[in-house]
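Number of protein chains: 2
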Amino acid sequence: MTTASKDRLRLWLRLLGLTRHVDGHLRDKLRVEFKTTLPRFDVMAALSRHPEGLKMSQLSGVLRVSNGNVTGIADRLAEEGLVERVPVPGDRRAMILRLTPAGNAEFAQQAAAHEAWINDILHGISAADARLMAAQLIAVAQAAENKEKIDDPSHA
Amino acid sequence: MTTASKDRLRLWLRLLGLTRHVDGHLRDKLRVEFKTTLPRFDVMAALSRHPEGLKMSQLSGVLRVSNGNVTGIADRLAEEGLVERVPVPGDRRAMILRLTPAGNAEFAQQAAAHEAWINDILHGISAADARLMAAQLIAVAQAAENKEKIDDPSHA
DNA sequence: GTTAATTACTTTAAGATTAAAATATCTATA
DNA sequence: TATAGATATTTTAATCTTAAAGTAATTAAC
Numbered sequence: 003m004t005t006a007s008k009d010r011l012r013l014w015l016r017l018l019g020l021t022r023h024v025d026g027h028l029r030d031k032l033r034v035e036f037k038t039t040l041p042r043f044d045v046m047a048a049l050s051r052h053p054e055g056l057k058m059s060q061l062s063g064v065l066r067v068s069n070g071n072v073t074g075i076a077d078r079l080a081e082e083g084l085v086e087r088v089p090v091p092g093d094r095r096a097m098i099l100r101l102t103p104a105g106n107a108e109f110a111q112q113a114a115a116h117e118a119w120i121n122d123i124l125h126g127i128s129a130a131d132a133r134l135m136a137a138q139l140i141a142v143a144q145a146a147e148n149k150e151k152i153d154d155p156s157h158a
Numbered sequence: 003m004t005t006a007s008k009d010r011l012r013l014w015l016r017l018l019g020l021t022r023h024v025d026g027h028l029r030d031k032l033r034v035e036f037k038t039t040l041p042r043f044d045v046m047a048a049l050s051r052h053p054e055g056l057k058m059s060q061l062s063g064v065l066r067v068s069n070g071n072v073t074g075i076a077d078r079l080a081e082e083g084l085v086e087r088v089p090v091p092g093d094r095r096a097m098i099l100r101l102t103p104a105g106n107a108e109f110a111q112q113a114a115a116h117e118a119w120i121n122d123i124l125h126g127i128s129a130a131d132a133r134l135m136a137a138q139l140i141a142v143a144q145a146a147e148n149k150e151k152i153d154d155p156s157h158a
């Protein structure tokens, strides 16, 4: 392979290494400090951004995971009274999932802690550098996604 | 929270988004083109870097996953004849896991394809930019890890 | 208005993952 | 040389994940 190819491979491995490190740290913190998991946090975060709730299919679309995946996580959150399923008027197939008041209160605490953990672990990066690097990553992500559209125009 | 905190949170979300995107793409490719998975690929990659093999505990250490995790993946790879467990002379507790000749041949193909997929999806980034960004990420990772050592000196 | 196709969601089967418990072996010490 | 503690691995129980199959309800075609 070319040296350019090796450079991109190395970039990917760095990206993956850092992301796994931070990701693992966040999972540990959620488990120890809130007895919860990242997938549960992700579901509650999505619902928090939509106070009126989301249909199961919308939720799995937003989170980019399978339908069946969300079913199981919603089941467990519902058992604990953090979310509730509400029937959709006029469509008996669909269900809206939304945070309960208890879920809202719990998530507010988790979200504040989550932001603080990230601020803490990434404290070595200045705010300016963080903005710069975020902008670069947007460019990289766009290049990657455009690449896919060129290869498979069906996703237009 | 401060604006700096928000900037770092946004950086993290970008990092996570890009990594998940590429990660998902690689998993798809491994599944479709080689009928395998990323964890299996990771195990074989680690063994490939150590032709004499690795003890189960060394392997889980290198991959930073639990012992029990490696046990299951090794079981499945062994069933297919891609890896083999070799007893360790002088320590009947331990087992060395290593690639079989078939595993070596299979991994060589997967590794070449893997590098090509990454080169392809990150093709929008020049080799120079890739090197630059990789260097920045090393700095970020070091800052993150130093932060942890300061917080918990037991890991010295 | 019945039938066919589509849509929304759940269930199932398999693998990945962890922490904690269980096994088996080794090492050091009394 | 017993035995107590440490080490290497596997097993177990729980959650997460997907793809594929299954259920129920809606929409479209005829």
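Chains as they are written, first to last, in my numbering: chain A, 3 to 158; chain C, 3 to 158.
Using N, Cα and C, we set each Cβ at its ideal position, and we do this for glycine too.
All values derive from a computational prediction rather than experimental measurement.
Short CB-CB distance (under 8 Å) between residue i and chain C
| i | result |
| --- | --- |
| His157 of chain A | Because His157 of chain A carries a pLDDT of 42, less than 50, the predicted location of this residue cannot be relied on, and the following value inherits that uncertainty. No, no contact with chain C. |
| Arg133 of chain A | yes |
| Val34 of chain A | no |
| Glu117 of chain A | yes |
CB contact below 8 Å: residue i versus chain A
| i | result |
| --- | --- |
| Ile123 of chain C | yes |
| Ser62 of chain C | no |
| Leu18 of chain C | yes |
| Ser7 of chain C | yes |
For residue i, the three-state DSSP class (helix, strand or coil)
| i | result |
| --- | --- |
| Lys57 of chain C | strand |
| Ser62 of chain C | helix |
| Thr21 of chain C | helix |
| Val67 of chain A | coil |
| Thr5 of chain C | helix |
Contact belief for residue i with residue j at Cβ below 8 Å, rounded distance in angstroms
| i | j | result |
| --- | --- | --- |
| Glu35 of chain A | Ala115 of chain A | 6 Å |
| Val90 of chain A | Leu20 of chain C | In fact, because the Cβ distance is near 34 Å, the residues do not count as touching under 8 Å. |
| Ile123 of chain C | His27 of chain C | 6 Å |
| Ala48 of chain C | Leu65 of chain C | 6 Å |
| Gln2 of chain C | Met58 of chain A | As displayed, chain C neither begins before 3 nor continues past 158, which places residue 2 of chain C out of reach and without an answer. |
| Gly55 of chain A | Ile98 of chain A | 4 Å |
| Ala113 of chain C | Leu84 of chain C | At roughly 13 Å, the Cβ-Cβ gap does not stay under 8 Å, so Ala113 of chain C and Leu84 of chain C are not in contact. |
Within chain A, the residues that residue i reaches when beta carbons sit closer than 7 Å
| i | result |
| --- | --- |
| Val24 of chain C | Trp14, Ala146 |
| Arg10 of chain C | Ile120, Asn121, Leu124, Ile127, Ala132 |
| Gln138 of chain C | Met135 |
| Ala143 of chain C | Gly19, Leu20, His23 |
What beta strand (DSSP E) runs, 3 residues minimum, are completely inside the segment 81–147 of chain C? 85–90, 93–101
Would you list, in sequence order, the uninterrupted beta strand (DSSP E) runs of no fewer than 3 residues that lie entirely inside the segment 23–51 of chain A? none
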